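As structure tokens, the structure follows; a few thoughts come after it.
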Amino acid sequence: MEYYSLNNSAHKTTFREAVIRGIAPDRGLYFPEEIRPLPKTFFDEIEILTRHEIAFRAIHQFVDRDIPKEKLEEIVANILDFDFPLVIIEDNVSTLELFHGPTMAFKDVGARFMANCLGYFSERKNKKVTVLVATSGDTGGAVANGFLGVEGVEVIILYPSGKVSEIQEKQLTTHGQNIIALEVEGTFDDCQRMVKTAFLDDAITTKRKLTSANSINVARWLPQLFYYLFAYKQSKRYGKEIVFSVPSGNFGNICAGLVAHRLGMPTKHFIASTNVNDVVPNFMNQGRYEPKPSIATISNAMDVGDPSNFIRIQQLFNNDFEQLKTFFSSYSFSDEATKEAMQSVYQRTKYVLDPHGAVGYLGLKQYQETNSNTFGIFLETAHPIKFLPVVKETLDINLEIPPQIQKVMDKTKKSSFIRTYAELKDFLITTS
Ligand SMILES: *Cc1c(COP(=O)(O)O)cnc(C)c1O
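Take 594 as the starting number for the sequence shown in my numbering and just add one per residue.
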């Protein structure tokens, strides 16, 4: 399978190059040249397939020549060593819990897949690869965990000082080894801008081979399609048309879901649920895409003012707005509404939603107001413990700290503070 740049379809490359580069030289996102549907029998028999079989068969065409079959089987087994349970909350409303991995956020799967691929590709190269990544919270932890100890790869994480939760900060600053945390005076957008500038800075790129671990990287983006297949396997038996609601920030996760649909997974509709960062809901209403500065919310992993993967979604629908509208909706919710959803679900069912999952829940309910006879699945993208202060305050409860979180809370933070791009540049050059 080849990948082309969304800025120029003539620029083609392999999976391997797409992973190593992250983004095409013309700054376009890579996109698979072709998505071949899986055989119908795959979906007919999905109940009898294991998690590993499902994932292997779904991802194989996207990596085919660049990773041998045995290695890919090993990678899939490595990264999918935890559960993805579907939990029924109400009639026709269920949640797919994606938080049972090592950092308890759904980004674990993509980050581990990318780390395994990059580790494999750099085995036979002598130049070290530097993964440079900006995080608003969850990405950093998942990437740090996924890449820890991977040979030939150094990871440098930029995060906004004071703007990530205590648990998130511990998850990205306590590893040591090949993982370096830089605490930036500024917002997530500032971190992101610095990273983007560094990628274009020859003084840095001649010294270091840089790649990104954001969801623009195909190795982080595509494996997220597994979730939807795991959900489909568990919900087929309810015999209704399935709809997914995905709490969305950069729109990588939902875009992977749309790829699962393109592989032939029967689905009626996809809903992208956002907080007040509503660029995509506005686009769906007005047909105009207008990026804005991001606004801080309680679902902060989705505070994105210019979602990078939306362009891939448009590509999947041939940039045809009418076609997109028939299959994809997007709704925005305030922090107030999010808290109310957390409270009402908790009071009625005792289920504890994290703020991101609550936004997903709200989007699903809104869609079902006019499409009641559907089986709804919203994705729970983080364990509520990761957003403990909000959950505690909203629900007036205490949560037990799971062992994989306690383990990092006991460790010591280690980070360097930077204020300007010049300081980042200096750091990247002098430490290379
Ligand atoms: C990253 C993240 C999201 C948003 O996912 P995208 O793929 O960027 O849309 C939602 N919830 C949580 C908890 C996250 O960490």
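Built from N, CA and C at the ideal position, the CB exists for glycine as well. It should be emphasised that the depicted structure is a prediction, and the values quoted were computed from it without experimental measurement.
Inset, instruction - Return yes when the C-beta of P982 is under 7 Å from any heavy atom of ligand 1, and no when it is not. - result: no
Legend entry - Inside the segment 685-746 only - alpha helix (DSSP H) runs reaching at least 4 residues: 700-716 and 731-740
Legend entry - Beta-bridge partners of P675, as assigned by DSSP: The question names Pro, but residue 675 in the sequence shown is Phe. DSSP output for F675 lists no bridge partner at all.
Inset, instruction - Kindly indicate which residue of T767, L642, F699 and F837 has the alpha-carbon position closest to the one of S923. - result: F837
Inset, instruction - Determine, using beta carbons only, whether A708 and V743 come nearer to each other than 8 Å. - result: yes
Legend entry - Identity of the residues DSSP links to Y944 by a beta bridge: DSSP output for Y944 lists no bridge partner at all.
Legend entry - Top-ranked residue by Cα proximity to G950, from Q961, P874 and T974: T974
Legend entry - Cutoff 6 Å; reference G956; Cβ partners in own chain excluding five residues on either side: S838, I864, S866 and Y924
Legend entry - Status (buried if at least 16 other CB within 10 Å, exposed otherwise) for K763: buried
Inset, instruction - Taking all protein chains shown into account, decide if M1002 is buried (16 or more other Cβ within 10 angstroms of its Cβ) or exposed. - result: exposed
Legend entry - Exposure of I994, with buried meaning 16 or more beta-carbon neighbours within 10 Å: exposed
Inset, instruction - Give a yes or no on whether the C-beta atoms belonging to Y821 and G850 are separated by under 8 Å. - result: yes
Legend entry - V983 to D947 span [Cα, whole Å]: 8 Å
Legend entry - Of the listed residues D899, D684 and V702, nearest to F692 (C-alpha basis): V702
Legend entry - Identity of the residue in L1017, T963, G615 and I647 nearest V777 by Cα: L1017
Legend entry - Length of the line joining the Cα atoms of A934 and P678: 21 Å
Inset, instruction - Could you check the C-alpha separation between P840 and A774 for me, to the nearest Å? - result: 27 Å
Inset, instruction - Answer yes or no: do F781 and S729 have a C-beta to C-beta separation smaller than 8 Å? - result: yes
Inset, instruction - Give me the Cα-Cα distance between Q936 and N893, rounded to the nearest whole angstrom. - result: 19 Å
Inset, instruction - State the beta-bridge partners of G969 as determined by DSSP. - result: V686 and V836
Legend entry - Close Cβ partners of V686 (< 8 Å) along its chain, the five nearest in sequence each way excluded: Y954, L957, K958, Q961, G969 and F971
Inset, instruction - With hydrogens ignored, establish whether the beta-carbon of H693 is closer than 7 Å to any heavy atom of ligand 1. - result: no
Inset, instruction - Count the CB pairs spanning the segment 782-799 and the segment 867-881 that are closer than 8 Å, and state whether there are at least three. - result: no
Inset, instruction - Take N843 as the anchor and find which of K918, D896, F823 and A853 has the nearest alpha-carbon. - result: D896
Legend entry - T963 burial status per 10 Å Cβ neighbour count (16 or more: buried): exposed
Legend entry - Under 8 Å between C-beta atoms of E747 and T723: yes
Inset, instruction - Throw me the rounded Cβ distance for the L593 and R855 pair, which I believe falls under 8 Å. - result: The requested residue 593 is not part of the displayed model; the chain covers only 594 to 1025.
Inset, instruction - With a threshold of 16 other CB atoms inside 10 Å of the CB of N671, please say whether the residue is buried or exposed. - result: exposed
Inset, instruction - May I ask you to verify whether the segment 806-817 touches the segment 602-619, counting CB pairs closer than 8 Å and requiring at least 3? - result: yes
Inset, instruction - Have a look at R801 and P618 and give me their C-alpha separation to the nearest angstrom. - result: 16 Å
Legend entry - alpha helix (DSSP H) runs contained entirely in the segment 872-955, provided each spans 4 or more residues: 872-879, 903-909, 914-920 and 928-942
Legend entry - A853 beta carbon near ligand 1 (any heavy atom closer than 7 Å): no
Legend entry - One or two residues paired with S546 in a DSSP bridge: This structure gives no information on residue 546, because the portion of the chain shown stretches from 594 to 1025.
Legend entry - Endpoints, alpha helix (DSSP H) assigned at P982: L981 to L988
Legend entry - A737 beta carbon near ligand 1 (any heavy atom closer than 7 Å): no
Inset, instruction - Confirm, please, whether the CB-CB distance from I1022 to A796 is below 8 Å. - result: yes
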